[in-house]
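Written below as structure tokens is the structure these notes are about.
Residue numbers (the numbering used here): 103 to 497.
Here it is, written out as structure tokens:
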């Protein structure tokens, strides 16, 4: 299948051909779908491309069998890092062939086409174009292709732990060609309610853990209203939360001995984990005061920070200028999802999201991306990269 898809065009740096070639290589995250292929094959393909273009390339496993690819090209002035992740979500229930990489009606169809092999193709096409530029007319370039973003982001975490450095970064997630300098974070909060198992006919013996969880969810409505009415972030709006999962009970005729409720709180860049969790703890304590029979506790099981980059920083200004010069209306928006840019920002590398495709198509049963957006993204990134050196010379 993959050999039939424009291999020569992909190796020449054609962005759509690159995207088709990438989609045709299965890279489902095995932590999300048990028989997922992981990133090894697609990482090997990208390594071969980049090395063939003259990059200094290294691969290191984030976890066994699942490598990151880091490629470097010497230039002048600042160091620009271009990032994309190589894994995808699973393919169960898809209504299009996930790996056929069909180009039809101006759209590229298949798993990962939007999230985010179209973006990876755009940054690879940019890398290829910069190879042909004189050293004095291109920035120092780092291409970082990471594993496991769709699950726990161990690839990006490992990259940062190993000390990757750059002056600015673009994460080529799907943004519909808008520049997204801010994104939300999240906190997962597990609420465990303990009851007492008893026969359903013996209410004097049983304690209903599921009912107590329901009382807690009801009590949280006040907090939900407070979030909706609070100060909104100019790009991201309000923080929010929802009940993600609930598990409890053994049988309809038995009082449930336990009930586990997992809540997800989406956070703004200004909010800490403590800020996010405190109202949930306060609500639980107030509920226990009114219902002393409730036995429950909260625990944070996972958290990721929201981050933002000021709109007057070079990475934001430069992308907006490149968009305008390519005839695309410049737009600044917020990224609703959490993305790996957070790790780079936390490491002191100003990072924004910019790429082809819409987050609305990500993970869908008929995932697709507008092929022309991939081409435009590559042109904008190339122009932006070259301007980093031009602006340095003018300064």
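No residue lacks a Cβ here, since even glycine has one placed at the ideal position from N, Cα and C. Predicted model only: the values in this text are computed from it and were never measured.
Which residue from 301, 285, 439 and 442 puts its Cα closest to that of residue 76?
Beyond the ends of the chain as shown, which are 103 and 497, falls residue 76; an answer cannot be given.
Just list the residues that DSSP pairs residue 169 with in beta bridges.
Answer is 163, bridged to residue 169.
Return the CA-CA distance between residue 448 and residue 182, expressed in angstroms with no decimal places.
Their Cα atoms are separated by approximately 17 Å.
Option in 153, 213 and 329 with minimal Cα separation from residue 343:
329
Tell me the residue span of the alpha helix (DSSP H) that contains residue 123.
First-last of the alpha helix (DSSP H) with residue 123: 117 to 125.
Let me know the alpha helix (DSSP H) ranges lying completely inside the segment 308 to 360, each 4 residues or longer, listed in chain order.
Counting only runs of 4 or more, we get 311 to 321 and 323 to 331.
Name the one or two DSSP bridge partners that residue 291 has.
365 and 402
DSSP-derived helix/strand/coil call for residue 280:
coil
Which full runs of the alpha helix (DSSP H) of 4+ residues lie inside the segment 434 to 472, going along the chain?
443 to 448
With distances taken between CB atoms, is the gap from residue 357 to residue 297 smaller than 8 Å?
yes
Tell me the residue span of the beta strand (DSSP E) that contains residue 271.
In the DSSP annotation of this structure, the continuous segment of the beta strand (DSSP E) that includes residue 271 starts and ends at 270 to 273.
Alpha carbon to alpha carbon, how far is residue 392 from residue 318?
11 Å
Inter-residue spacing [alpha-carbon to alpha-carbon] between residue 420 and residue 387
49 Å
Pairwise C-alpha distance: residue 215 and residue 194:
Cα to Cα, the separation comes out at about 16 Å.
Residues near residue 174 by beta carbon distance below 6 Å, same chain, minus five either side
158 and 244
How many angstroms separate the CA atom of residue 424 from the CA atom of residue 480?
11 Å
List the whole-angstrom C-beta distance separating residue 473 from residue 209, where the pair is believed to meet the contact cut-off of C-beta under 8 Å.
6 Å
Suppose you measure from the CA of residue 482 to the CA of residue 283; what does that come to, to the nearest Å?
16 Å
So, helix, strand or coil for residue 393, using DSSP?
When DSSP states are grouped into helix, strand and coil, residue 393 belongs to the coil group.
Tell me the DSSP secondary structure of residue 79 in three-state form.
Past the edges of the chain, shown from 103 to 497, lies residue 79, and the structure says nothing about it.
May I ask you to report which of helix, strand or coil DSSP gives residue 306?
Taken through DSSP and simplified to helix, strand or coil, residue 306 comes out as coil.
So what's residue 257 in DSSP terms, helix, strand or just coil?
helix
Pull up the DSSP beta-bridge partners for residue 186, would you.
247
Do the segment 122 to 142 and the segment 227 to 244 meet, that is, are 3 or more Cβ pairs less than 8 Å apart?
No, the segment 122 to 142 does not touch the segment 227 to 244.
Spatial distance of residue 364 from residue 113 (CA atoms):
46 Å
For residue 263: DSSP bridge partner residues:
Note: residue 263 is not bridge-paired with any residue in the DSSP secondary-structure output.
If you run the structure through DSSP and keep just helix, strand and coil, what is residue 181?
strand
Contact set for residue 315: own chain, Cβ-Cβ below 6 Å, skip 5 residues either direction:
For residue 315, where only same-chain residues beyond five positions count, the Cβ hits under 6 Å are 295, 361 and 363.
Please state whether DSSP places residue 134 in a helix, a strand or coil.
coil
Going by DSSP in three states, residue 175 sits in which element: helix, strand or coil?
strand
So, with DSSP's three-state summary, where would you put residue 421?
helix
Among the residues of its own chain, which have a CB less than 6 Å from the CB of residue 461, if the five just before and after it don't count?
276
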